[in-house]
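Read through the structure below, which is laid out as structure tokens, and then see the notes.
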Amino acid sequence: MSIAEEQPDDEPVPRVHVRAPGKINLFLGVGDLDEDGYHALSTVFQAVSLYEDVVATPADDFTIAVSGAAAPDTVPLDDRNLAMRAAKALAAATGYEGGVHLDVRKSVPVAGGMGGGSADAAAALLACNELWRTGLDHARLHELAARLGADVPFALMGGTAVGSGRGDVLTAALSRGRYEWVLVLDDEGLSTPAVYRAFDLVTAEERESDPVGHAQRRRRDPVQVPPSFFESLLSGDPSALGRSLRNQLQAGSFRLRPQLEELIQHVRRAEDVVGGVVSGSGPTVAFLCASAAGADALAERLREQGRTALRAHGPVRGAHVVSTES
Ligand code: C5P
């Protein structure tokens, strides 16, 4: 009897490694709260080079382990975890009866407005679909993704895309060049629903103080992405894109975390910085720089001031299989 036969545990365990990117909303227009509890959005996403790595291995049950630089102890390990929900949703949709162990290595800030949880979910969907050989096509995966969360479809897609609806109806956008970012993290995350509620409050206050506008207006649609925005993206010129960055939702983030507004005003003045905006619901702030060297220098200066600053570039590809072993 060979050693391999005596020790079946030494057989290679099938495993699938998938990587999915975090995102920055280059433009985010927000409408009124709808009856379904969501706000209509008009947004442009860019996938950036901070990644979530998910390794899926077969298991009888559904288990998850989380590690990585970005505060893993604040991430739930039960059904509140979006990657766990993604695996279970795929099993339910395909009738798969086994389970999976998910090993999640995080690099996207937790509760930072960069879609880290959504990237985990996108990666888990793709990894389990491969591991279990359930063979769902892109369209079905996108459908499952949209049910898990508004930002999950974009984490599957990557690149640059325009999002409408809740942000889950996507169209690829043309973009030229590579954009260099410095991401400034806050010590404590912000809850996305809390930021949307704060945004509703700020909007209601604005209307109160403008009774004429209030009486005239019934519903407010999100500010649409202007044609000039797409011209900026096509120009490949960071200064043009920097001037076009806009996030309506940041009014809500500023209400909950006023120091973010000061941070943007302060850093925006620095040499080589061409734009600054809260990423999604925040509190991460994304600064666009004119060059990679300028961005490196800015990140270094901010670290010297005691801040947590990460470097990234975009656009990058969406969730993809890095390796499989079977
Ligand atoms: O879809 P996701 O789970 O990421 O959304 C979290 C919460 O953020 C929602 O429950 C909702 O309160 C808020 N949200 C919203 N409008 C959107 C996206 C999210 O109000 N378009």
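Numbering (the working numbering) for the sequence shown: 2 to 327.
Each residue gets a CB set at the ideal place from its N, CA and C atoms; glycine is no exception.
Since the model is a prediction, treat every value here as computed from it, not as a measurement.
Q.
Could you compute how far the alpha carbon of Ala60 sits from the alpha carbon of Leu126?
A. 16 Å
Q | Collapsed DSSP secondary structure at Pro284 in the structure displayed | A | coil
Q: Buried or exposed for Thr172, please, with buried defined as at least 16 other CB atoms from any protein chain shown within 10 angstroms of its CB.
A: Exposed is the call here.
(Q) Rounded to the nearest angstrom, what separates Thr325 and Val278 at their Cα positions? (A) 38 Å
Q. Helix, strand or coil: which one does DSSP assign to Tyr197?
A. Reduced to three states, the DSSP call for Tyr197 is helix.
**Q.** Cα-Cα separation between Val183 and Ile25, rounded to whole angstroms
**A.** 11 Å
Q) Based on Cα-Cα distance, which residue from Gly96, Gly69, Val111, Arg81 lies nearest to Asp104? A) Gly69
Q. Buried or exposed: which applies to Asp35, given that a residue is buried once 16 or more other Cβ atoms fall within 10 Å of its Cβ?
A. exposed
Q: Could you check what DSSP says for Gln47 in three-state terms: helix, strand or coil?
A: strand
**Q.** Heavy atom of ligand 1 within 7 Å of Ala252 beta-carbon
**A.** no
Q | Heavy atoms of ligand 1 versus C-beta positions, residues under 6 Å | A | Gly38, Tyr39, His40, Leu42, Gly150, Ala151, Asp152, Arg167, Gly168, Thr193, Pro194, Tyr197
Q) Can you tell me whether Ser3 is buried or exposed, with buried defined as 16 or more other CB within 10 angstroms of its CB? A) Caution is warranted here: a pLDDT of 40 is assigned to Ser3, below 50, making its placement in the model unreliable, and the coordinate value is therefore given only provisionally. Burial call: exposed.
**Q.** Three-state class that DSSP yields for Thr325 in the structure shown
**A.** strand
Q) In angstroms, rounded to a whole number, what distance separates the CA positions of Gly99 and Pro15? A) 14 Å
Q.
Using C-beta distances below 6 Å, list every residue in its chain close to Gln47, excluding the 5 sequence neighbours before and after it, in chain order.
A. Within the same chain, Ile25, Leu27, Thr161, Gly315, Pro316 come within 6 Å of Gln47 by CB-CB distance, once the 5 residues on both sides are set aside.
Q: Return the CA-CA distance between Ile145 and Leu91, expressed in angstroms with no decimal places.
A: In the sequence under discussion, the amino acid at residue 145 is Leu, which differs from the Ile named in the question. Near 7 Å, if we compare the C-alpha coordinates of Leu91 and Leu145.
(Q) Which residue wins for smallest C-alpha separation from Val109, given the options Ala298, Gly307, Gln306, Pro284? (A) Pro284
(Q) Taking the alpha-carbon of Arg167 as reference, which of Gly150, Gly159, Ala174 has the nearest alpha-carbon? (A) Gly150
Q: Note down the Cα distance separating Pro77 from Ala112, rounded to an integer number of angstroms.
A: 12 Å
Q: Take Ala41 as the anchor and find which of Ser240, Ser327, Val224, Met115 has the nearest alpha-carbon.
A: Val224
Q | Residues near Gly243 in its chain [Cβ-Cβ closer than 7 Å; skip 5 each side] | A | Take Gly243, set aside five residues on each side of it, and the residues of its chain with a beta-carbon closer than 7 Å to its own are Val275, Gly276, Leu289, in chain order.
Q.
With distance defined between alpha-carbon atoms, name the residue in Gly114, Gly178, Asp33 nearest to Leu186.
A. Gly114
Q. Where DSSP assigns a beta bridge to Trp182, which residues make up the other side?
A. Leu289, Ala313
Q: Report the residue from Gly295, Glu232, Ala93 whose alpha carbon sits nearest the alpha carbon of Ala174.
A: If we check each option's Cα against that of Ala174, Glu232 comes out closest.
**Q.** Contiguous beta strand (DSSP E) assignments of at least 3 residues, all confined to the segment 114-167
**A.** Unbroken beta strand (DSSP E) runs of no fewer than 3 residues, entirely contained in the segment 114-167, are found at 161-165, following chain order.
Q) By how many angstroms is the C-alpha of Leu264 removed from the C-alpha of Asp297? A) Approximately 18 Å between the Cα atoms of the pair.
Q: Count the CB pairs spanning the segment 189-202 and the segment 251-270 that are closer than 8 Å, and state whether there are at least three.
A: yes
Q: Return the Cβ separation of Gly164 and Thr58 in integer angstroms, given the expectation that the two are a contact with Cβ distance under 8 Å.
A: Not really, about 33 Å apart at Cβ, beyond 8 Å.
(Q) Can you tell me whether Glu53 is buried or exposed? The criterion is at least 16 other CB atoms within 10 Å of its CB, across all chains shown. (A) buried
Q.
Below 8 Å on the Cβ atoms is my contact criterion, and I expect Gly32 with Gly116 to pass it. Report the Cβ-Cβ distance as a whole number of Å.
A. Contact doesn't hold; Cβ gap of about 20 Å is too wide.
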